[in-house]
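Q: Here our numbering is used: the first residue of the sequence shown is 11, the next is one more, and so on. First the structure, then my questions, so here it is.
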Amino acid sequence: MTIRVLLADDQALVRSAFALLIRSAPDMTVVGEAEEGERAHELVRTTQPDVVVMDIRMPGVDGIEATGRIAGDEDLAGVRVLILTTFESDENVLAALRAGASGFLVKDTQPADLLAAIRTIAAGDALLSPGATRSLITRVLRTPDPAVASAATLDGLTSREREVLTMIGRGLNNAELAETLVISPLTAKTYVSRLLTKLDARDRAQLVIAAYESGLVQPS
Numbered sequence: 011m012t013i014r015v016l017l018a019d020d021q022a023l024v025r026s027a028f029a030l031l032i033r034s035a036p037d038m039t040v041v042g043e044a045e046e047g048e049r050a051h052e053l054v055r056t057t058q059p060d061v062v063v064m065d066i067r068m069p070g071v072d073g074i075e076a077t078g079r080i081a082g083d084e085d086l087a088g089v090r091v092l093i094l095t096t097f098e099s100d101e102n103v104l105a106a107l108r109a110g111a112s113g114f115l116v117k118d119t120q121p122a123d124l125l126a127a128i129r130t131i132a133a134g135d136a137l138l139s140p141g142a143t144r145s146l147i148t149r150v151l152r153t154p155d156p157a158v159a160s161a162a163t164l165d166g167l168t169s170r171e172r173e174v175l176t177m178i179g180r181g182l183n184n185a186e187l188a189e190t191l192v193i194s195p196l197t198a199k200t201y202v203s204r205l206l207t208k209l210d211a212r213d214r215a216q217l218v219i220a221a222y223e224s225g226l227v228q229p230s
């Protein structure tokens, strides 16, 4: 299967470099490039990519609003957004995750890590490495947004599901969930699927946000 990627960044040089890298991977192809968010949304609708590599800071419609438009478009339910950030200064990453992004990546990442991140997002495994996830959320998730996820949101969860959600919030993947809880990988996957349904979450990134904003996991 070839992963279809769309690039959204206002810097032509950055887009060109990313496009060259992605096209060098045998399992990926670039289906479009956009210089701002409105154009990105238009191209996503016409090209139906698997993953959008989205910069946050763009003129006109920025990456956060564009992500919200894509995530809120029922015709684009299978499209995942990978956010690019400068990390040290861009605290809008959390807003992008709340808007429906599936993960994030720093712009100065290694080429192999970008390709791995795209594969991760395309496979439905939101966010990136647990270490990077914890580091970013610790920096930006200081003030929970009760409108997005409150403790009441978790009322319908069993104690085991709360335990699984806590571990997801701490960055564990399905294999690590299975090992920690001494269950099969299939059972771990089933728990994650139930959480997605019960919390009306788009993907794993939304579960991480819910875990923090409900208080199950505290930024350290």
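Think of the CB as a built atom: it goes at the ideal place given N, C-alpha and C, for glycine as much as any other residue.
So, V54 versus I128, is the Cβ gap smaller than 8 Å?
A: In the sequence shown, the residue the question calls residue 54 occupies position 44. In the sequence shown, the residue the question calls residue 128 occupies position 118. No, they are not a contact pair.
Q: What does a CB cutoff of less than 7 Å around A105 pick up in its chain, not counting 5 residues either side in sequence?
A: Taking the first residue of the sequence shown as position 1, residue 105 is located at position 95. So the qualifying residues of the chain are I74.
Q: Run through DSSP, which three-state label would A8 get?
A: Coverage of the chain is limited to positions 11 through 230, which leaves residue 8 absent and any answer about it impossible.
Q: Do L205 and L182 have their CB atoms nearer than 8 Å?
A: On the sequence shown, position 195 is the one that residue 205 refers to. On the sequence shown, position 172 is the one that residue 182 refers to. It is not a contact, given that the beta carbons lie outside the stated cut-off.
Q: Please give the ranges of any beta strand (DSSP E) in the segment 28 to 68, keeping only runs that are unbroken, at least 3 residues long and fully inside the region.
A: List check, beta strand (DSSP E) in window: 38 to 44 and 61 to 65.
Q: Work out the CA separation of L92 and R170 for me, nearest whole Å.
A: One-based indexing of the sequence shown puts residue 170 at position 160. One-based indexing of the sequence shown puts residue 92 at position 82. Their backbone Cα atoms lie some 30 Å apart in a straight line.
Q: What number of angstroms, rounded off, separates the C-alpha of L30 from the C-alpha of I13?
A: Residue mapping note: residue 30 aligns to position 20 of the sequence shown, counting from 1. Residue mapping note: residue 13 aligns to position 3 of the sequence shown, counting from 1. Distance between the alpha carbons of L30 and I13 is about 15 Å.
Q: So, helix, strand or coil for T95, using DSSP?
A: The residue given as residue 95 occupies position 85 in the sequence shown. Note: T95 maps to strand in three-state DSSP.
Q: Note down, in chain order, each residue of its chain lying with its Cβ closer than 6 Å to the Cβ of D83, except the 5 sequence neighbours on either side.
A: Mapped onto the sequence shown, residue 83 falls at position 73. Taken in chain order, the list of residues that qualify is empty.
Q: Hey, how far is the Cα of R65 from the Cα of T95?
A: Locating residue 65 in the sequence shown gives position 55, counting from the first residue. Locating residue 95 in the sequence shown gives position 85, counting from the first residue. It is Asp, not Arg, that sits at residue 65 in the sequence shown. C-alpha separation (whole angstroms): 7 Å.
Q: Could you name the residues of the same chain whose beta carbon sits closer than 8 Å to that of V15, not counting the 5 residues immediately before and after it, in chain order?
A: In the sequence shown, the residue the question calls residue 15 occupies position 5. Here the set comprises I32, M38, T39, V40, V41, P59, D60, V61, V62, V63 and I128.
Q: Could you tell me if G134 is buried or exposed, where buried requires 16 or more neighbouring beta carbons within 10 angstroms of its beta carbon?
A: Taking the first residue of the sequence shown as 1, we reach residue 134 at position 124. It counts as exposed.
Q: Rounding to the nearest angstrom, what Cα-Cα distance links R214 and A22 in this structure?
A: Mapped onto the sequence shown, residue 214 falls at position 204. Mapped onto the sequence shown, residue 22 falls at position 12. Cα to Cα, the separation comes out at about 31 Å.
Q: Where do the ends of the alpha helix (DSSP H) carrying L167 lie?
A: Here residue 167 is taken as the residue at index 157 of the sequence shown, counted from 1. No alpha helix (DSSP H) holds L167; DSSP gives it neither H nor E.
Q: Report the partner residues of A6 according to the DSSP bridge assignment.
A: Residue 6 lies beyond the stretch modelled for the chain, which goes from 11 to 230, so this question has no answer here.
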